[in-house]
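Working notes, beginning with the structure itself.
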Amino acid sequence: MARNMQAQHAQTASKHGSWGVGRFYFDVKTEDGRLFRLYYDRSPKDAFDRSGEWTLLAELAADDD
């Protein structure tokens with residue numbers, strides 16, 4: 001958490017994360033056995049596009065999992 005964050009905001013951010021901050025990574029296996037690594041980027045791109053976006057990071061080999 002930021003050192004200048006107010007205590008009540010820091011407590012909420014520690015539970016839920018700060019708005020627009022962070023990435024969540026997922027390894028996904030498809031029905032036909034292919035493996036992919038994706039992430040959801042929570043950061044907004046601009047004031048008009050405030051939602052995050054999914055990004056395909058890589059296709060994994062079977063021994064990478």
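Residue 36 in my numbering sits at position 36 of the sequence shown, with consecutive numbering throughout.
Each residue gets a CB set at the ideal place from its N, CA and C atoms; glycine is no exception.
{"Item": "Beta-carbon proximity of Leu56 to Leu35, cut-off 8 Å", "Value": "no"}
{"Item": "DSSP state of Asp32 mapped onto helix, strand, coil", "Value": "coil"}
{"Item": "Sequence-distant residues of its chain with Cβ nearer than 7 Å to Asp41 (five each side left out)", "Value": "Arg23, Gly52, Glu53, Thr55"}
{"Item": "Residue from Gln6, Val21, Gln8, Ala10 whose Cα sits closest to the Cα of Ser43", "Value": "Val21"}
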